[in-house]
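> Counted from 1, the sequence shown has number 298 at position 124 by this note's numbering; the numbering is strictly sequential.
Don't be surprised by glycine CBs; every beta carbon is placed ideally from N, CA and C.
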Amino acid sequence: MRIILAVFVFVLAVTSAAEIHGTVIIKRKLTKRKLTPSAGAYDRGVSVKLDTEPIGDALAFERTHVVVFIEDVQAPKADHAAIEQRNRRFSPDLVVVTAGSTVSFPNFDPIFHNVFSLSKPKSFDLGNYPNGQSRTVTFTKPGVVQVNCHLHSNMTATIVVTPNEWSTRPDGEGKF
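(1) If you draw a straight line from the C-alpha of N305 to the C-alpha of L325, how long is it?
(2) Check for me: the alpha helix (DSSP H) holding E236 runs from which residue to which?
(3) Reducing DSSP to helix, strand and coil, say where R263 ends up.
(4) Around the C-beta of D217, are 16 or more other C-beta atoms found within 10 angstroms, so that it is buried, or is it exposed?
(5) Find out if the Cβ-Cβ distance for the pair V321, T312 is shorter than 9 Å.
(6) Are the CB atoms of F290 and D283 within a distance shorter than 9 Å?
(7) How far does the beta strand (DSSP E) with H287 in it extend, from its first residue to its last?
(8) Name the two residues that bound the continuous beta strand (DSSP E) containing I333.
(9) Under the DSSP definition of a beta bridge, which residues are partnered with K251?
(10) Short check: CB of F279 to CB of T310, under 9 Å?
(11) Along the chain, where does the beta strand (DSSP E) that runs through P280 open and close?
(12) So, for V319: in the same chain, excluding its five sequence neighbours on each side, which residues have a beta-carbon less than 6 Å away from its beta-carbon?
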């Protein structure tokens, strides 16, 4: 009897699962990409070659920087993510976490950084810190948090704090 009940509960759990598919359609460029020279490229009197815009589908970058999530579902699951500071860039430049999650900001550059945000859902300033150190922030309210570096104005990242764990990001074609 216990085995039959366990199988029934498992089947019930599997049959109640659902998948949502869709396509994000973006018809024009929405963001301006900031190009950053690599950390070793800063030398006095030496020209610095910047990366170029991606060749091919110009809107693929836009579609991969969209977050799709379900609202009004209470299933928060706190998580942890990291945004590295490497080569005078934040990597990754977009992170999705649920409310209550923490994000660490380890510095892998041979220079100081000062990570901060003035965003409404979470405002913070981590102060200057050198290579090998990391600071952590907890994000309690859903919303979009823009992250910057006081010392390097072209360093930007985005943290999307969702109300629950039911979120995804589309691929370069906009499919999810």
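According to the data block:
(1) 14 Å
(2) A234 to T238
(3) strand
(4) Residue confidence for D217 is low, a pLDDT of 46 falling below 50, so the modelled location carries little weight; the figure read from the coordinates is stated next. Result: exposed.
(5) no
(6) no
(7) H287 to L292
(8) T330 to T336
(9) Answer is none; K251 lacks a bridge partner.
(10) yes
(11) S275 to P280
(12) S291, S293, P295, K296 and I333
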